[in-house]
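Visitor: Below are the structure tokens for one structure; questions will follow.
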Amino acid sequence: MFQLLYEQATDEIQRLRRQVSQARSPSPSRAASAVLVRVESERDAALADIRRSNNQLDNLEDKLKSSKESGLQERRRYEDKIERLEAMLEKVEADRNELHTRVTSLRNMVSNLEDELKQTSAQLSMAKDSALELEAEVNKVHLTADQANRTAEDMERRLNRRAGELQASEEKCAQLERQNRGNRKEECGTEL
Numbered sequence: 001m002f003q004l005l006y007e008q009a010t011d012e013i014q015r016l017r018r019q020v021s022q023a024r025s026p027s028p029s030r031a032a033s034a035v036l037v038r039v040e041s042e043r044d045a046a047l048a049d050i051r052r053s054n055n056q057l058d059n060l061e062d063k064l065k066s067s068k069e070s071g072l073q074e075r076r077r078y079e080d081k082i083e084r085l086e087a088m089l090e091k092v093e094a095d096r097n098e099l100h101t102r103v104t105s106l107r108n109m110v111s112n113l114e115d116e117l118k119q120t121s122a123q124l125s126m127a128k129d130s131a132l133e134l135e136a137e138v139n140k141v142h143l144t145a146d147q148a149n150r151t152a153e154d155m156e157r158r159l160n161r162r163a164g165e166l167q168a169s170e171e172k173c174a175q176l177e178r179q180n181r182g183n184r185k186e187e188c189g190t191e192l
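Numbering (UniProt numbering), first residue to last: 1 to 192.
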């Protein structure tokens with residue numbers, strides 16, 4: 001753009017110079033010289049503006065390039081950060097899934113243990129009931145045995161008493177038998 005303006009200004013100056021050269025008489029007019037000087041001064045000012053604009057443009061291009069490089073570096077840094085965060089997120093999700101699996105497994109284990117505890121409690125209750133029944137049976141057997149012992153002791157006492165009575169009766173019978181035999185002998189002797 002600045003190059004185009006420079007070329008247009010140079011063409012305009014050349015055109016003015018040609019006009020001045022054509023309008024010149026053997027002694028150039030002061031007005032034409034003044035116009036030429038003014039145009040050349042404007043040209044020089046325009047060239048200075050173009051150089052200054054070119055320098056500003058170069059500075060802006062350098063700044064733009066630096067900004068682009070800085071932007072690319074910043075973008076790469078953010079992309080690296082995003083990759084790290086995504087990796088961390090994947091690890092956290094994997095840890096969460098593993099933890100969820102472990103919690104589910106522990107819940108199943110607790111449920112199984114509770115079922116086993118219920119079964120064991122039921123079995124223990126049945127065993128207690130059986131033990132109570134067995135204890136009652138044992139107590140009943142003990143009571144029956146005690147009664148049998150008392151009955152046996154009573155029968156033994158009665159048997160001993162009866163045996164004593166029998167022995168006394170036998171002795172009395174034997175005595176009576178002896179007396180009877182003695183009486184018979186006396187009777188026989190008297191008859192003779």
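Even glycine gets a Cβ: it sits at the ideal position worked out from N, Cα and C.
1. Just to check my reading of the structure: Ala9 and Arg51 have Cβ atoms closer than 8 Å, yes? What is that Cβ distance to the nearest angstrom?
2. For Arg18, collect the residues of the same chain with a Cβ closer than 8 Å to its Cβ; drop the 5 residues on either side in sequence, then sort them by chain order.
3. Have a look at Gly182 and Thr151 and give me their C-alpha separation to the nearest angstrom.
4. Could you tell me how far apart the beta carbons of Asp37 and Leu16 are, in whole angstroms, since I believe they sit closer than 8 Å?
5. Entirely within the region 60-124 and at least 3 residues each: give me those beta strand (DSSP E) ranges in chain order.
6. Excluding five sequence neighbours on each side, which residues of the same chain lie with their C-beta closer than 7 Å to the C-beta of Lys118?
Guide: This is what the structure holds:
1. Between Arg51 and Ala9 the Cβ distance is about 13 Å, and since that is not below 8 Å, they are no contact.
2. Cβ neighbours of Arg18 beyond the five flanking positions: none.
3. Gly182 and Thr151: Cα-Cα distance of roughly 45 Å.
4. Just to set this straight, residue 37 is Val in the shown sequence, not Asp. Wrong, their Cβ atoms sit about 11 Å apart, outside the cutoff.
5. As far as the region 60-124 is concerned, it has no whole beta strand (DSSP E) run of at least 3 residues.
6. Take Lys118, set aside five residues on each side of it, and no residue of its chain has a beta-carbon closer than 7 Å to its own.
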